[in-house]
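Here is the structure we will look at, set down as structure tokens.
Numbering (the UniProt record's numbering), first residue to last: 1 to 1026.
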């Protein structure tokens, strides 16, 4: 017996191993993703009127054991419903993108297909889908992608030579899961738009049967809803759990025991939905409501952190909450929402509390018809709360809810806050004292508020809070105010004006406010007030005039370690009047004066002293959300420091004139570290550059005593690194070590190191400067008396006829510099330097020592002229293979210095003075191209010799020069070839190549190249603009 069991288990194990091995071979060698993906894509495109794509499709078994699965990754479905069938090629729009997903998994039963040719999908799961449900202006939905043949037959057929065989008898989808999705519903026919974020869906049951009973679970973390471009709903959390009876023959959907959650509210829903495919309509008949057994159910909705949930409470009163959603949904048809909420004769008495809430009456109703066939409104018929020292009576309504809401309300309230803890079991850590006395009536059109037409507001009455204290030890919250007053009057008498009546008068003021919340927020404000006064209307179609006087006491705001805001005593006057160009647009004028202002935020610091603003603004006619401001801003002293440009900046007494689209500077002084500027001119589109990433333009005259480019460029470099490292929007701030590195650049004694780096001109900058600068420090160079035009545009810097003095030499240049990245840059220039020492010339252009090594052998003053264009590497050094240049050097009374090369030549030619030899004059012309330096023959008189020198010098530092001896003690002419490298130099006596004493100049090539460089600069600037 034991032997039989042993053989049985061994056979079973071998069978399992063989089956697993066979399945592994099938999955990894036969049905591979490379073979399976195109087959499934082709079938899906034939079955659906859409373009379907998957990155990969894999057949699974072990991960979905004991069933087989089909896993699709990174798929997309683009509908062809709106494509023109006559066109050969499909041209898709953004609205055609029906769905995309990260992963889709189907778990199927293979035995059902092998035995009965039934496709049974046990589960269909979509992860992170992006679904776009689009309906065009004709009411045609984009998701109707089933082809007509597929709709008529629910099976797939294959035809052979003799018979027609069914590949699939039926399709059964039992469970559907959608996780972490985003659903957008865009109905252009009815101008409705909804977005569901964090969308999830569960459907349990046989989804494909003609008649089915399903379990449906829908949820969304956030819903936003627009109608005709107006945002009606946002930050709405939604969930629905329901049974659903589905009849595909009559297209009837019946909800059974549905439960809907909206934020924290729980509703019951019932009713039916029936589709009319012929007319493309959906008949909706739903009823919803809240089952509220008693008033205690509503009290339990109050968070326990505010109100203790106590079972020993006596309540009375009737609670009613119900509504309907009825009508047809389709093209130009939307159902009507009707809802009502009531509490009749309610009362609340908690055990152990000395007082009770004697009366609570609420009656709220509303109707919303998005088609505007009947009036939409929200009406509060009654809100009445009465108890010991508590008396609140409120009623009002909102008419024209969907077009131009008109709000009418009346409020009467007398509340002693210290009584509330004696009526309700408020948490013990909460302290509440003070009193409220209010009596207000209002008739307000929401359009007047949106259009800043405050003078037309009809508000009467007042509100007063006294000795208010709200403290919560658990939340570390404390709010205190001695007195708060709010008062309004409409059509009040005013003998100081001609009509002797004002439309609206108001005052809002308080006697000190203190707020403290944990260690995150501390706020204090001294006595402050706002007085509002309007003038009567002469033209009812115009904006009503209004003025406001404001006084702020000392304000101190601290938000943790990240923000500190302090403002001294300030006064302001605001005026609102019709615009002279358009009386329906408001013209706002403001005058503000403040003693001081200090702001510190994440290492940024701002300090203003005696600042004043005199501004006016009017909305743009085309875009009323954009205001056109003008006026004057001035201050006695401003100091700024930011890690994004870590140099301490200061502006003494300055006046800035604002106009629509630009600001004007008139002698504005700015000191940045060791640099100083005096700016006069205009800056354009400052707001657009900061708010909408548009181009910033400026046309300025710049005067300066000193500009330290080393310090400024280092500050920009450190600031760019800080921009990448700082985590804005979090509580993190620069560490002490990082702040020390930042202060390094701000140190007035800081000098940049010798390693330069590419300076990237910021994009979106269009600056033109007329310069008059006494001194500029750049690297080891000191430039004096700089005059000329500098243009920064399209990430280029253009210098036009710039003149300066450097190293005791006059310099004139025209230059273009372009860099869009830190890796390399481009420059083209025309440079002329007169009477400059050879050593100073090499210091001014270090790359010249590599380009013309012979310069190291000369000492004295020369004239240098060069026209060139080249690429620069990341250290601002010349990329020699890209250098194209021509230049000439003129010098008189030069000294030919002793060196290794000269020593060999002087020995060979028997010079008298082998250490120091005077040269009357020298004129060298050379050309650089393709890494080759061509030195044109030039004449040199040294010692007893007159020689002509010419040759070439390669980028690998090898050279080949020829010296023709035209005059010497030797009675015949001879030549010397010098070739090789500096390490292995060779000499050879040859015939003289340059036999004529007169050698024609090649300077015409330099002048021609100068013109070419200027033309190249113009071409690059033009292409950058385009």
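Beta carbons are placed, not taken as given, at the ideal position from N, Cα and C, and that holds for glycine.
Evaluate residue i with the Cβ neighbour count: other Cβ atoms within 10 Å of its Cβ, from every protein chain shown; 16 or more gives buried, anything less gives exposed.
i            : result
residue 989  : exposed
residue 1030 : Residue coverage of the chain in this structure runs from 1 to 1026, which leaves residue 1030 outside it and unanswerable.
residue 1109 : Outside the shown range of the chain (1 to 1026) lies residue 1109, about which nothing can therefore be said.
residue 519  : exposed
residue 967  : exposed
residue 96   : buried
residue 260  : buried
residue 697  : buried
residue 972  : exposed
residue 345  : exposed
residue 229  : exposed
residue 814  : buried
residue 918  : exposed
Which residue from the options puts its Cα closest to that of residue i?
i            : options            : result
residue 892  : 276, 520, 924      : 924
residue 865  : 760, 321, 926      : 926
residue 761  : 526, 231, 817      : 817
residue 974  : 358, 981, 964      : 964
residue 629  : 388, 685, 702, 209 : 685
residue 863  : 521, 810, 435      : 810
residue 955  : 985, 882, 886      : 882
residue 1058 : 526, 947, 879      : In the structure as shown, the chain begins at 1 and stops at 1026. Residue 1058 is therefore absent and cannot be evaluated.
residue 349  : 417, 210, 424      : 424
residue 656  : 635, 676, 640, 242 : 635
Can you list, in chain order, the residues of its chain whose CB lies under 6 Å from that of residue i, leaving out five sequence neighbours each side?
i           : result
residue 393 : 384, 412
residue 130 : 100, 182
residue 622 : none
residue 556 : 524, 566
residue 431 : 471
residue 508 : 486, 530
How big is the Cα-Cα spacing for residue i and residue j?
i            : j           : result
residue 236  : residue 682 : 48 Å
residue 128  : residue 468 : 50 Å
residue 738  : residue 590 : Confidence is the limiting factor: at residue 738 the pLDDT is only 47, short of 50, which leaves the residue's position unreliable, though a coordinate-based value still follows. Using only the alpha carbons, I get a separation of about 41 Å.
residue 188  : residue 645 : 49 Å
residue 219  : residue 516 : 38 Å
residue 612  : residue 653 : 11 Å
residue 960  : residue 895 : 23 Å
residue 143  : residue 78  : 9 Å
residue 258  : residue 251 : 19 Å
residue 359  : residue 297 : 17 Å
residue 440  : residue 396 : 11 Å
residue 194  : residue 222 : 10 Å
residue 1091 : residue 106 : Given that the chain is displayed from residue 1 to residue 1026, the structure contains no residue 1091 and the question cannot be resolved.
residue 819  : residue 826 : 6 Å
residue 470  : residue 429 : 11 Å
residue 659  : residue 553 : 30 Å
Between residue i and the rest of its own chain, which residues show a CB-CB distance below 7 Å, the 5 nearest in sequence each way excluded?
i           : result
residue 245 : 213, 254, 256
Please go through the same chain and pick out, in chain order, the residues whose beta-carbon is closer than 8 Å to the beta-carbon of residue i, but skip the five residues on each side of it.
i            : result
residue 262  : 236, 237, 238
residue 1105 : Residue 1105 lies beyond the stretch modelled for the chain, which goes from 1 to 1026, so this question has no answer here.
residue 498  : Confidence is the limiting factor: at residue 498 the pLDDT is only 47, short of 50, which leaves the residue's position unreliable and the question unanswerable from this model.
residue 150  : With a pLDDT of only 47 at residue 150, under 50, the local geometry of the prediction cannot be trusted, and no value is derived from it.
For a cutoff of 8 Å on Cβ pairs, would you count residue i as touching chain C?
i           : result
residue 440 : This model lacks chain C altogether; it includes just one protein chain.
### Query
Is it true that the stretch 340-351 meets the stretch 193-203, where meeting means three or more beta-carbon pairs spaced less than 8 Å apart?
no
### Task
Spell out a yes or no on whether the stretch 441-457 and the stretch 467-481 are touching, meaning 3 or more CB-CB pairs, one atom from each, closer than 8 Å.
no
### Cβ pair count under 8 Å reaching 3, the stretch 927-937 against the stretch 948-956
yes
### Task
Answer yes if the stretch 363-374 comes into contact with the stretch 394-412, meaning at least three C-beta pairs across the two stretches below 8 Å, and no otherwise.
yes
### Message
Can you confirm whether the stretch 576-586 touches the stretch 594-607 when touching is taken to mean that 3 or more C-beta pairs between the two stretches lie within less than 8 Å?
### Response
no
### Message
Below 8 Å, how does it come out for the stretch 703-719 and the stretch 594-603: are there three or more Cβ pairs, yes or no?
### Response
no
### Query
Quick one: any contact between the stretch 307-322 and the stretch 272-281, if contact means 3 or more CB pairs under 8 Å?
no
### Query
Can at least three beta-carbon pairs, one atom from the stretch 520-529 and one from the stretch 428-447, be found at a separation below 8 Å?
no
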